[in-house]
Amino acid sequence: MKKDIDYYMNLSYAYSYKRDLVEGGYTVWIPDLKGCITCCDKFEEIPETINDAKRAWIGAMLEDEIQIPEPSDISQYSGQFKLRIPKSLHKSLAEQAKAEGVSLNQFCVYKLSK
897 MKKDIDYYMN
907 LSYAYSYKRD
917 LVEGGYTVWI
927 PDLKGCITCC
937 DKFEEIPETI
947 NDAKRAWIGA
957 MLEDEIQIPE
967 PSDISQYSGQ
977 FKLRIPKSLH
987 KSLAEQAKAE
997 GVSLNQFCVY
1007 KLSK
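Taken in order, the sequence shown gives residues 897 to 1010; the numbers are from the working numbering.
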């Protein structure tokens, strides 16, 4: 099977976005397609805007005969892992979580995402 632009456009690539607090609008990118990044003014525009960027990015890679990665398979990840930390750090994190009124797990997920 020839992997043309339609083949890649029909694959489900995850995208990420971040609100631009300085310029306004949103920055949107596809992590699996390094360099596939775009901007839009409104949240509702994200799907169409990233789809346009994806098409242009894939087209350029095909034209230059550069290998295009397929979407990452996240099914191999459970979303859980064990982490050993010093007791003093555990205490500090637990106290911060309590002050925020959230579980330690929620607080750590928040901290890790930053």
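Where is the CB? At the ideal position from N, CA and C, for every residue including glycine. Owing to the predicted nature of the structure, the values given are computational and were not obtained by experimental measurement.
Please identify the residue among the options whose C-alpha is closest to the C-alpha of residue i.
i, options, result
"Ile964", "Gln972, Asp902 and Ile954", "Ile954"
"Pro943", "Lys930, Glu959, Ser908 and Gly920", "Ser908"
"Lys1010", "Lys914, Tyr973 and Tyr904", "Lys914"
"Leu917", "Lys938, Phe977, Thr945 and Ala910", "Lys938"
"His986", "Gly975, Ser999, Gln976 and Ser974", "Ser999"
"Lys899", "Met957, Asp928 and Thr934", "Met957"
Taking the alpha helix (DSSP H) that residue i belongs to, which residues open and close that run?
i, result
"Tyr1006", "Leu1000 to Ser1009"
"Arg951", "Ile942 to Glu959"
"Lys994", "Lys983 to Glu996"
For the beta strand (DSSP E) containing residue i, name the first residue and the last one.
i, result
"Ser971", "From DSSP, Ser971 is part of no beta strand (DSSP E); its letter is neither H nor E."
"Tyr913", "Ser912 to Arg915"
Taking DSSP's pairing of strands, which residues face residue i in a bridge?
i, result
"Trp925", "Ser912 and Ile933"
Assuming residue i contacts residue j under a Cβ cut-off of 8 angstroms, what Cβ separation, rounded to an integer in Å, is found between them?
i, j, result
"Cys936", "Gly921", "6 angstroms"
"Ile926", "Ile946", "7 angstroms"
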